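Working notes, beginning with the structure itself.
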Amino acid sequence: MAELSHLYQEILLEHNSKPRNFRKLEHPNHSADGYNPLCGDRINLYLDIKDGVVADVGFQGSGCAISRAASSLMTQSIKGKTVAEAEQLFREYRRMLTQPGADVDGELLGDLEFLAGVAAFPTRIKCAILSWHTLQAALEGKETATTE
Amino acid sequence: MKIRKDFPVLAQTVHGKPLVYLDNAATTQKPQAVIDTLVRYYTTENANIHRGVHTLSQLATEDYEGARGKVRRLLNAREDREIVFVRGTTEAINLVAQTYGRQNVGPGDEIVISAMEHHSNIVPWQMLCQERRALLKVVPCNDAGELLLDEYEKLLSPRTKLVSIVHVSNALGTINPAKQLVDMAHRWGAPVLLDGAQAAAHMPVDVQALGCDFYAFSGHKLYGPTGIGVLYGRAELLEAMPPYQGGGDMIRSVTFEKTLYNSLPYKFEAGTPNIAGSIGLGTAIDYVNFIGLERIAAYEDELLTYGADRLSSIEGLRIIGTAKEKAGILSFVLDKVHPHDIGTILDAEGVAVRTGHHCAQPLMDRFGVPATARASLSFYNTKEEIDILVKGIDRVLEVFS
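First to last, the sequence lines map onto chains A and B.
Sequential numbering of the first sequence, starting at 1, is according to our numbering.
Sequential numbering of the second sequence, starting at 1001, is according to our numbering.
Below is the structure:
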């Protein structure tokens, strides 16, 4: 089994205890709720999209350390990006989690690469991907996303 | 401990550490005797039952019906025909909902369940209530996880058509006062189903002494194979109920105009059943009887007390479910760590626990937690294993310090 220290990296634990953008937006023009029935994780995601760009993003909810850190890192990485760029980021991020050892674009992923260790823990991939499914649902105008 | 040698699965290592299996409420491990029974059955006597005149069919039928007799004795039911083989507790409850329920529950009628039910003892009743325009009433519990009997009393009325309550809670470990619950419901003429999924393997169960009308349990939680379970029903109730599924074995004669149903219990056993599973369950019952359910209950209680003491000494740990009458289940949460993270870190230490809502979401809401970590005990667990669990939790706190 992969080392626990690859999963629970310092920076993830820090994002877990002090998540970024952990707030509700006053007037989001996109929002969705994500739910992982397996472990009871819930996330409420709020987006303010202006001219195809993620002008602001916030999230709330409860979840495990991986899901909180992944949500926090996601909000950081998509803020200021175009919707198309965020979608591209999701594709690369998903590849990193589901194809262990794949040659991923580290420059594109940035801090998201700290979550690469999750790939070795198949039961935890859903935790790391919930916020992204929720983002997708919000962008598509759906109200809820689920990992099942 | 000699008993551990009977369970080959327990001898392995996980992630290089000796396996500490504390997920017995989800499913128990199987003794070699049960595994051997399955191998022997498929090696020497596999055949379909009840229909063949040939030797193997007779052997398979004898063993299948023999297993039914073992279940009857385990539950102290009056007659073999009161024992219906099903897939598991879930199917047993659905069977009662779809037969007894559809026949006897109408608009405005009420079904009483409790706040600590598994989803399998909530959803079948919700489905029935929706269909029959009936109402689901829920007995609340206190902060220790004990049912409030005075509230239960208030919920009972002539409209109560059925009470379905868990004998031992899978998420809290609470042992409910089953006999009292049954007696109170009977005063209003309401029959009672007891969900015994977490009880049957951990304490003696006597359906006649309890006075319950239905009792359900799963074989795989009683050291038997998966896919086999039991519904006990009082004969007069089963007689009056319509069949659950149509098909072979549940009929006496079929023409395109009319079908005569078979007698009990075959009326409820359409199709080729899980023959190997039933026979394997029979062996599991022999095994449990050999150790003795009284002894099992006493030993598991000792482990529970030890485990509760050890866990309580951990700072920031809260045990969910502290009923006075409790079976070997330790559900807990940590102040600063989500149960899912606890589970992953314990797994790395070789310790298998369940994390999540334990298919009891309304109960999690009641206690204001999204999930818990749950260590559930069996007679093959030891105090040393509890110590390893505690060390594992220390490791969790270290990672999140």
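Ideal placement from N, C-alpha and C gives every residue a C-beta, glycine not left out.
As the structure is a computational prediction, the values presented were derived from the model and not from experiment.
For M1364 of chain B, at least one C-beta of chain A is nearer than 8 Å to its own C-beta.
In this structure, the CA atom of E1091 of chain B is about 43 Å from the CA atom of F22 of chain A. The three-state secondary structure of R1087 of chain B, taken from DSSP, is coil. Annotation for S17 of chain A: the continuous alpha helix (DSSP H) segment containing it runs E10 to S17. Under the DSSP assignment, T1322 of chain B falls outside any beta strand (DSSP E); it carries neither an H nor an E label. Among the residues of the stretch 57 to 74 of chain A, those with a Cβ less than 9 Å away from any Cβ of chain B are S62, G63, C64, A65, I66, S67 and R68, in the order of the chain. If you draw a straight line from the Cα of L1363 of chain B to the Cα of I1388 of chain B, it is about 28 Å long. Inside the stretch 1313 to 1394 of chain B, DSSP marks whole alpha helix (DSSP H) runs of 4 or more residues at positions 1339 to 1348 and 1361 to 1367, from first to last along the chain. Within the stretch 122 to 135 of chain A, contact with chain B at the beta-carbon level (separation under 8 Å) is assigned to T123, R124 and C127.
Looking at the backbone, the Cα of E1384 of chain B and that of I1345 of chain B are separated by about 19 Å.
Taking a Cβ-Cβ cut-off of 9 Å, the neighbours of Y8 of chain A in chain B comprise D1341, T1344, I1345, V1399 and F1400, given in sequence order. In this structure G34 of chain A is in contact with L45 of chain A, their Cβ atoms being roughly 7 Å apart against a cut-off of 8 Å. Using a CB distance cut-off of 8 Å, P1018 of chain B does not count as an interface residue toward chain A.
Scanning chain B for C-beta atoms nearer than 8 Å to the C-beta of G40 of chain A yields G1356, H1357, Q1361, M1364, P1370 and A1371, reported in chain order. Residue pairing of A1298 of chain B in beta bridges, as defined by DSSP: absent, with no partner found.
No Cβ-Cβ contact shorter than 8 Å links H30 of chain A with I43 of chain A. A straight-line Cα-Cα distance of about 21 Å links I78 of chain A and Q9 of chain A.
Using a CB distance cut-off of 8 Å, A1047 of chain B does not count as an interface residue toward chain A. Around A1323 of chain B, no beta-carbon contact reaches into chain A at under 9 Å, the shortest distance being about 23 Å. Following the DSSP letters along the chain, one finds V1123 of chain B in no beta strand (DSSP E) but inside the alpha helix (DSSP H) bounded by residues V1123 to R1132. Against chain A, a Cβ distance below 7 Å from A1171 of chain B picks out nothing, because the smallest value is about 12 Å.
Listed in chain order, the non-local C-beta contacts of L1334 of chain B below 6 Å within the same chain comprise G1316 and L1317, local neighbours out to five positions each way being set aside. Nearest C-alpha to S1120 of chain B among B:L1149, B:F1290, B:G1108 and B:G1088: B:G1088. At least one CB of chain B lies nearer than 8 Å to the CB of L13 of chain A. For L115 of chain A, the closest Cβ of chain B is not nearer than 8 Å.
The alpha helix (DSSP H) runs of length 4 or more contained entirely in the stretch 17 to 86 of chain A are, from start to end of the chain, 65 to 78.
A distance of 8 Å or more separates the beta carbons of C64 of chain A and H1015 of chain B.
Per DSSP, the unbroken alpha helix (DSSP H) holding R1072 of chain B starts and ends at T1055 to L1075.
Taking a Cβ-Cβ threshold of 7 Å, none of the residues of chain B is close to L45 of chain A; the smallest such distance is about 17 Å.
Cβ neighbours of T1259 of chain B within its own chain (closer than 6 Å, five residues either side excluded): I1251. H1338 of chain B has a beta carbon lying within less than 8 Å of a beta carbon in chain A.
Identification of chain A residues near A1235 of chain B by a Cβ-Cβ cut-off of 7 Å yields none; the smallest Cβ-Cβ distance measures about 40 Å.
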